[in-house]
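Counting in the numbering used here, the sequence shown tops out at residue 274, every number present. Ideal placement from N, C-alpha and C gives every residue a C-beta, glycine not left out. Data block below; observations after.
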Amino acid sequence: MKLATALSILTIGPAAAWHMSTDAPSGKSRRDIISKGVAFAAAVPTIANAYVVPDLPYGFDALEPYIDTPTMKIHHDKHHATYVANVNKATEGKPEVPILDLMADALEAGPGIRNSGGGHYNHAFFWELMEAPDKAKNTKPSSQLEELINKSFGSMDEMKSQFEAKAAPGATFGSGWVWVVVNQKGDSLSIVNTPNQDNPLMKGVLGEGVMFPILGLDVWEHAYYLKYQNRRPEYVSAWWNVVNWDKVSENCAYVVENHAGVSVKG
9 MKLATALSIL
19 TIGPAAAWHM
29 STDAPSGKSR
39 RDIISKGVAF
49 AAAVPTIANA
59 YVVPDLPYGF
69 DALEPYIDTP
79 TMKIHHDKHH
89 ATYVANVNKA
99 TEGKPEVPIL
109 DLMADALEAG
119 PGIRNSGGGH
129 YNHAFFWELM
139 EAPDKAKNTK
149 PSSQLEELIN
159 KSFGSMDEMK
169 SQFEAKAAPG
179 ATFGSGWVWV
189 VVNQKGDSLS
199 IVNTPNQDNP
209 LMKGVLGEGV
219 MFPILGLDVW
229 EHAYYLKYQN
239 RRPEYVSAWW
249 NVVNWDKVSE
259 NCAYVVENHA
269 GVSVKG
């Protein structure tokens, strides 16, 4: 994730030293020069703060007509990029860790990690859940996921109904996210909402402790307003047409086996 100046020096230094060796004073071998170059490179500190905005796994227009191209471009290139820039500032000079590892203690770490780190994780997670509608319609829940859905909600239709109710403006007021999560035992699903850029992996966000998302929807206005304006329920209902159930099933299998959050790119 993070770039290191040492990497370029290790790549260039020895080669440069090799050519310079013909002009080296007597008694200075090529090995001496290269060894000193490597030692210097090892002493150069790593450049901190290089979380990046991951590329979308599809084109900006791929989710049309359910999520419009301008929204996807602004959402990814502007909003997500801002969260990444700000979490990089918040982690300046600190040890490099995957963004997932910052989630558990994000509330204690302060707004830079909670808001911007959460924003980065949430969006990186979100992009991977979707696929072009002509491809999404051919995906389906695994037998494991289907069993958990039926056990926890009764049916897929009932799960969707409860999800849409939780995503409604009256239930998730203002900005936030709605999630399908696996409990810590790995044997049940539930639907929860979180404000702003909080997520269920953060200790203290949910009263029942951390839970592990396998599906999540951004209900901030920037995720839908250009197309749907104030019609959030219409956006939520349309979103099912681009959900990649193969990816959700993969997330479910990982969480149930490992009792841990799903890693994301970037």
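Compare the C-alpha of residue i against each of the options and name the closest.
{"i": "W185", "options": "V213, D113, K193, G194", "result": "V213"}
{"i": "F220", "options": "N238, G274, A261, V105", "result": "A261"}
{"i": "Y59", "options": "L108, P78, F68", "result": "L108"}
{"i": "E116", "options": "V190, E229, D206", "result": "D206"}
{"i": "A173", "options": "S245, I82, V218, L71", "result": "S245"}
{"i": "P241", "options": "P62, P103, Y74, V61", "result": "Y74"}
{"i": "L225", "options": "A70, K86, T180, I157", "result": "T180"}
{"i": "Y228", "options": "G118, A98, F134", "result": "The question names Tyr, but residue 228 in the sequence shown is Trp. Considering only alpha carbons, the answer is F134."}
{"i": "V105", "options": "H88, K193, M138, Y129", "result": "Y129"}
{"i": "K211", "options": "K148, M111, V61", "result": "M111"}
{"i": "H131", "options": "N201, P62, T202", "result": "P62"}
{"i": "P77", "options": "Y233, G118, V272, K273", "result": "One point to set straight first is that residue 77 is Thr, not Pro, in the sequence displayed. For T77, the nearest C-alpha among the options comes from Y233."}
Using only the alpha-carbon positions, how far apart do residue i and residue j sit?
{"i": "P141", "j": "W248", "result": "9 Å"}
{"i": "K143", "j": "Y66", "result": "11 Å"}
{"i": "L197", "j": "N252", "result": "18 Å"}
{"i": "A176", "j": "M80", "result": "21 Å"}
{"i": "V189", "j": "G127", "result": "18 Å"}
{"i": "M164", "j": "P103", "result": "42 Å"}
{"i": "K255", "j": "V263", "result": "12 Å"}
{"i": "E265", "j": "S183", "result": "32 Å"}
{"i": "G101", "j": "P149", "result": "42 Å"}
{"i": "D331", "j": "H267", "result": "The question about residue 331 has no answer, for the chain in this structure spans 9 to 274."}
State the DSSP-derived secondary structure class of residue i, mapped to helix, strand or coil.
{"i": "G269", "result": "coil"}
{"i": "V60", "result": "coil"}
{"i": "G125", "result": "helix"}
{"i": "V105", "result": "coil"}
{"i": "G67", "result": "coil"}
{"i": "G120", "result": "helix"}
{"i": "T99", "result": "coil"}
{"i": "D40", "result": "Unreliable positioning characterises D40 in this predicted model, as indicated by a pLDDT of 48, which lies under 50. The coordinate reading is nonetheless provided below. Here D40 sits in helix by DSSP."}
{"i": "Y262", "result": "helix"}
{"i": "I75", "result": "coil"}
{"i": "K86", "result": "helix"}
{"i": "K81", "result": "helix"}
Around the C-beta of residue i, are 16 or more other C-beta atoms found within 10 angstroms, so that it is buried, or is it exposed?
{"i": "G35", "result": "Note on G35: pLDDT 45, under 50, position unreliable in the model; the coordinate value appears next. So G35 ends up on the exposed side."}
{"i": "P208", "result": "buried"}
{"i": "R239", "result": "exposed"}
{"i": "A114", "result": "buried"}
{"i": "K159", "result": "exposed"}
{"i": "A49", "result": "Only weak support is given to the placement of A49: the predicted model assigns it a pLDDT of 34, under 50, and the value that follows is read from those uncertain coordinates. Buried, by the Cβ-count rule."}
{"i": "G269", "result": "buried"}
{"i": "G215", "result": "exposed"}
{"i": "K257", "result": "This sequence places Ser at residue 257; Lys is not what is there. Buried."}
{"i": "H88", "result": "buried"}
{"i": "H83", "result": "buried"}
{"i": "E136", "result": "buried"}
{"i": "S151", "result": "exposed"}
Hey, is residue i's beta-carbon within less than 7 Å of any beta-carbon in chain C?
{"i": "M164", "result": "Annotation note: the requested chain C is absent from the structure, which comprises a single protein chain."}
Using only the heavy atoms of the ligand ATP, determine whether one of them is closer than 6 Å to the beta carbon of residue i.
{"i": "K143", "result": "This structure simply doesn't include the ligand ATP, nor any ligand for that matter."}
List in chain order: all unbroken beta strand (DSSP E) runs of 3+ residues lying wholly within the stretch 196–257. Counting only runs of 3 or more, we get 197–203, 220–226.
Uninterrupted alpha helix (DSSP H) stretches inside the stretch 111–190 (no shorter than 4 residues): Listed in chain order, the complete alpha helix (DSSP H) runs (minimum 4 residues) inside the stretch 111–190 are 114–117, 126–135, 141–144, 151–161, 164–175.
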